[in-house]
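Written out as structure tokens, the structure reads:
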């Protein structure tokens, strides 16, 4: 039985910490699906759930950051899987077929930040952003959106 | 003139409320709900929650009006039979409250439809809501509140 | 539920008092420190505008004290006072807590509904003496 | 899009929109239900009537203005929201509130849980047509609203939390009055629990409706009482032990059935548990330390970094992510993930295979708090027949 740290650090580039004491595993964006497949294979689908997807716009570094907060139920511990994608072409693989719970988070992140999740058929604009902003193509949570 | 009098009488005897949430935080909604419970019992005044728009006399609006809900609110108001009165409950419905500057909020209810009574509070107590409605009923009785649709003829 | 228990319940409810409060003829008891409307005491206010800056709903506007009143705090050189729009105010009492001279008077009054949006103008000016 | 498929499959599909003006729902949500006769084949959740752009608003205002904006994300669970945000700020500062403040925070949150769970149980009674039970529960709920008014100074919008403590203290007289109200409330809650257990109207409408398996719960990220009713033992209060929860004894309520009835029963058990926690706090309130910090002296700028706080809202796990750049008075990013956001959007699969009359029951058993969700999306189940069968089998527990 391998632990979370062992499984995740195999694919991680480096680790960080989000206060208070939540370990962050920074991974390459193309490894995202591999990480979740690995988690389901090792621990089973009943031992964790995907809690939150946080997208942050970092215009200074020309990057966007995506954090996947995964909560492990038996230990009661939250682990962060973090990845950086290019800001000018924000595309990442969707994990909706592996973890259906990503639906809400992915749709919202697409609406607010304009990150495209490749392979998610439910992405739609204009269901939360008012129509006038959609027509202008504005993603309100981007720092340069001006709303 | 006589017809008009009769129409007001109907409202005076038993006004049915219609509650619409245009993007509230639920705080006002649960207080409107609390105001129709036995402790305050508004059925003493003949006030009852109407099951559908077509039966409503008084429209109670809670919440900051979001751009998406504004169209609905307008349509709802047009569907209501005359005479009709509008009550704005809570800071958000009156002026947008803390959300006034947001990109998806229009502002107060009075930017979309005419409002007869404002009930300030965040959220107002059930007593305040009842107080506002009773004040509206008194205004109708004294002829100070005029339903806006009457002017069209 | 069994039948004897139901009879007991029916009898109990038959002889108990109704739960309804006869509002508005009979007032309900509101806590004395319920967060009702608040207004500035102009004998204390220095016109520093901190409340207007800190207000989350931006319900406070600083306006000129009209002529014909006396008793304004001498530190209030600009002769301005906070006017609270009760239609915008969310009654969080941030202004009350943040005021450097504790100039706000708090009440538990809540029944201010009406056909127009009330403000704190009248209440605030009533703290001053009117000279005419 | 649905219509092209009907030609292929000989089904009469009627589209029945529920809401946003539906008398049973006091909130604007639109469930677009596609039905074949009486049977639901597809559900779309349309929201967005309630989107107020709070996350953007938070980036544009200072940390302290945000505190009051965040309290207005949801009126029913406002103290939990502010507590979670305040703790995220305290993690950034490395600040610890005094023990008395911690106990008072827990007291406010538990009173809120009591009234929230009573509200949803009352709404459930109304939805299934049990009007008198609705009135009874709402009448007794006024007791806990009064207790909340005594503690926080407002019935609903408490604005009770501040960085480093709470915004008002209580004295012995208030303590006695709250205790008195809670002791009066407890036998009533026990009675309602019995009604929900025994009454035929309720049992027939709720049992076996919207059954959820544990594996569906975790895969679809459902949280809170919904997860606990399906025997998933997850409770942030027990896991993170935030504020005073590490020192207060309480049980995590779980049930094995996983249907709508189990979800309501979990809520009644939690109400009793919350009343016990509140009474324990009132008996063991520590007197050391100042619970009310001076708001004029609090730091305006927070050190750079990010923090992630979790809290157990009445509807489940609530998370706040706050990122500060260390220079400005405004946060760089605030991310709110409310429990209803997961529970409503991800649960469209639950309705499939039930009759139309069950749709409001299932929706209410999820305790929809639309304003919490506040951001939006559309959920679309594929309406191709092959998929429909698998989803129906999923819902009835055959897969």
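Residue numbers (the numbering used here), protein chains in the order written: chain A, 5 to 151; chain B, 3 to 155; chain C, -18 to 113; chain D, 1447 to 1845.
A virtual CB, placed ideally from N, CA and C, is assigned to each residue, including glycine.
Worksheet item: Which residues bound the beta strand (DSSP E) around residue 91 of chain B?
Response: 87 to 91
Worksheet item: Any Cβ of chain D within less than 8 Å of the Cβ of residue 0 of chain C?
Response: yes
Item to complete: Could you check which residue in D:1611, D:1668 and D:1594 has the C-alpha nearest to that of residue 1724 of chain D?
Response: D:1594
Worksheet item: Any idea which residues DSSP pairs residue 1561 of chain D with across the strands?
Response: None; residue 1561 of chain D has no bridge partner.
Worksheet item: Pick from A:31, A:107 and A:151: whose alpha carbon is nearest that of residue 83 of chain A?
Response: A:31
Worksheet item: Do the CB positions of residue 23 of chain C and residue 62 of chain C come within less than 8 Å of each other?
Response: yes
Worksheet entry | Cβ-based neighbour list, residue 1823 of chain D, same chain, cut-off 7 Å, excluding 5 preceding and 5 following | Confidence at residue 1823 of chain D is low in this model, with a pLDDT of 27, below 50, so the placement of that residue should be treated as unreliable; the coordinate-derived value is given next. Counting only Cβ-Cβ distances below 7 Å, and skipping sequence neighbours, we find 1791.
Discussion item. Which residue wins for smallest C-alpha separation from residue 106 of chain B, given the options A:132, A:98, A:111 and A:74?
Written reply: A:132
Worksheet item: Expressed to the nearest angstrom, what Euclidean distance is found between the alpha-carbon atoms of residue 1460 of chain D and residue 1487 of chain D?
Response: With a pLDDT of 39 at residue 1460 of chain D, under the threshold of 50, the predicted position of this residue should be treated as unreliable, and no value is reported.
Worksheet item: Is the beta carbon of residue 1727 of chain D less than 8 Å from the beta carbon of residue 1553 of chain D?
Response: yes
Discussion item. Looking at residue 1682 of chain D: is its Cβ nearer than 8 Å to the Cβ of residue 1757 of chain D?
Written reply: yes
Practice prompt. For residue 1584 of chain D, I'd like the list of residues in its chain whose CB is within less than 7 Å of its CB, leaving aside the five on either flank, ordered along the chain.
Written response: 1568
Discussion item. Rounded to the nearest angstrom, what separates residue 146 of chain A and residue 108 of chain A at their Cα positions?
Written reply: 19 Å
Practice prompt. Check each residue of the stretch 66 to 81 of chain C: if its Cβ is closer than 8 Å to any Cβ of chain D, include it; give the result in chain order.
Written response: 71, 72, 73, 74, 75, 78, 79 and 81
Discussion item. On the CB-based measure, 16 or more other CB atoms within 10 Å of its CB, does residue 20 of chain C come out buried or exposed?
Written reply: buried
Practice prompt. Indicate whether at least one CB of chain B lies closer than 8 Å to the CB of residue 151 of chain A.
Written response: yes
Item to complete: Return the residues of the stretch 1530 to 1548 of chain D that lie within a Cβ-Cβ distance of less than 7 Å from chain A, sorted by chain order.
Response: 1537 and 1538
Worksheet item: Should the stretch 1556 to 1570 of chain D be regarded as contacting the stretch 1768 to 1787 of chain D, the criterion being three or more beta carbon pairs within less than 8 Å?
Response: no
Discussion item. Can you tell me where the beta strand (DSSP E) holding residue 71 of chain A begins and where it ends?
Written reply: 67 to 76
Worksheet item: Using DSSP with H/G/I as helix, E/B as strand and the rest coil, what is residue 1805 of chain D?
Response: helix
Fill in: the stretch 20 to 30 of chain A touching the stretch 1747 to 1764 of chain D, judged by at least three CB pairs closer than 8 Å
yes
Practice prompt. Take the Cβ of residue 1617 of chain D as the centre, count every other Cβ of all protein chains shown within 10 Å, and call the residue buried at 16 or more, exposed below.
Written response: exposed
Practice prompt. Indicate whether residue 130 of chain B and residue 138 of chain B have their beta-carbon atoms separated by less than 8 Å.
Written response: no
Practice prompt. Go ahead and pull the three-state DSSP assignment for residue 1748 of chain D.
Written response: coil
Worksheet item: With respect to the beta strand (DSSP E) encompassing residue 1785 of chain D, which residues constitute its N-terminal and C-terminal limits?
Response: Counting along the chain, residue 1785 of chain D falls outside any beta strand (DSSP E), though it belongs to the alpha helix (DSSP H) covering 1785 to 1791.
Worksheet item: Does residue 43 of chain A have its Cβ less than 8 Å from a Cβ in chain B?
Response: no
Worksheet item: For residue 1 of chain B, which residues does DSSP report across the bridge?
Response: Outside the displayed span of chain B (3 to 155) sits residue 1 of chain B, for which this structure offers no information.
Worksheet item: Quick one: what's residue 43 of chain C bridged to in DSSP?
Response: C:63
Worksheet entry | C-beta atoms of residue 35 of chain B and residue 60 of chain B nearer than 8 Å | no
Discussion item. Between the alpha carbons of residue 102 of chain C and residue 77 of chain C, how many angstroms are there, rounded?
Written reply: 17 Å
Worksheet item: Thinking C-alpha only, which one of A:33, A:26 and A:45 is nearest residue 11 of chain A?
Response: A:45
Item to complete: Using a Cβ cut-off of 8 Å (strictly closer), state whether residue -11 of chain C contacts chain D.
Response: no
Item to complete: Please determine if the stretch 87 to 95 of chain B and the stretch 44 to 55 of chain B are in contact, where contact requires at least 3 C-beta pairs separated by less than 8 Å.
Response: no
Discussion item. Looking only at its chain, what residues have a beta carbon closer than 6 Å to the beta carbon of residue 37 of chain B, apart from the 5 residues adjacent to it on each side?
Written reply: 128, 131 and 132
Practice prompt. Quick one: using the 10 Å Cβ neighbour count with 16 as the cut-off for buried, is residue 94 of chain A buried or exposed?
Written response: buried
Worksheet item: Looking only at C-alpha atoms, which of C:42, C:8, C:25 and C:4 sits nearest to residue 46 of chain B?
Response: C:4
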